[in-house]
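*Asks:* All residue numbers for the sequence shown refer to our numbering, where the first residue is 41 and numbers rise by one. Just so it is clear, CB atoms sit at the ideal spot from N, CA and C, and this is done for glycine as well. If you're wondering where the values come from, they're calculated on a predicted model, not measured in any experiment.
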Amino acid sequence: MTLQRMDNVGIVVEDLDAAVAFFAELGMEVEGRAQIEGLFADQAVGLDGVRSEIAMMRTPDGHGKLELAQYQNPAAIGDGAHNSPPNTLGLHRVMFAVDDIHDTIARLRPLGAELIGEVARYEDIYLLCYLRGPSGIILALAEQIG
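1. If you run the structure through DSSP and keep just helix, strand and coil, what is V176?
2. Less than 9 Å between the C-beta atoms of G50 and L108, yes or no?
3. If I measure Cβ to Cβ from Q75 and keep anything under 6 Å in the same chain, skipping five residues before and after, which residues do I get?
4. Would you grab the beta carbon distance between L5 and L155 for me? Rounded to a whole angstrom, and I think it's under 8 Å.
5. Which residues in the same chain have their Cβ closer than 7 Å to the Cβ of D140, if we skip the five residues on either side of it in sequence?
6. Any idea if V53 is buried or exposed, counting beta-carbon neighbours within 10 angstroms, 16 or more meaning buried?
7. Which one of L131, D143, N113 has the shortest CA to CA distance from G78?
8. Where do the ends of the beta strand (DSSP E) carrying A74 lie?
9. Hey, would you say I177 sits closer than 9 Å to V138, going by beta carbons?
10. With DSSP as the reference, label I51 as helix, strand or coil.
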C-alpha cells in the first residue's frame, strides 16, 4: 500500500460565501459546492447530526485543493480568537505561489486580508509574507523574484 496523493486541506469557516469570494480573488476556482449530511457524514467525522455546506476550491494547475466547510449542525466551535499568532500549535498556514505579491495583497485587502508582518525579501530569490484571511486563516504568499 502506498500513498497516492494529498487530496485537499479542509478548513472550517464562519461564512462560506465570504471564504469562497476570498479564495476566488486569490485565483482559486470553485470545483463544486455540496450539502453534506446523513449517516456517512456522522460516521466519517465522528459527530452526530452533521449538516454542513462545503465548497471545493482548486488552484489553476488543478493540483492544490482547499475544502472550505461551514457547519450548520453541530455549530462550529472555537475560542473566537481569529488573531492567534503564527506560532500557535496546530495547522499553521497554507502557502501559495503568486506572480505579483503586492497586487495580490491589494486585491485581497477589500475582502478582509490583513498583513501579519510585512513583505520580506529572502535574498534575491523570493518576496514572502503572511496574511490573515477569513475566519482567521493564515496564508503565506511567495513571489519568486530570482
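*Replies:* Taking the definition as stated:
1. In the sequence under discussion, the amino acid at residue 176 is Gly, which differs from the Val named in the question. If DSSP states are grouped into helix, strand and coil, G176 belongs with the helices.
2. yes
3. E93
4. No answer is possible for residue 5: the residues shown for the chain start at 41 and end at 186.
5. E183
6. buried
7. Minimum Cα distance to G78 is reached at N113.
8. A74 -> beta strand (DSSP E) spans 69-77.
9. no
10. strand
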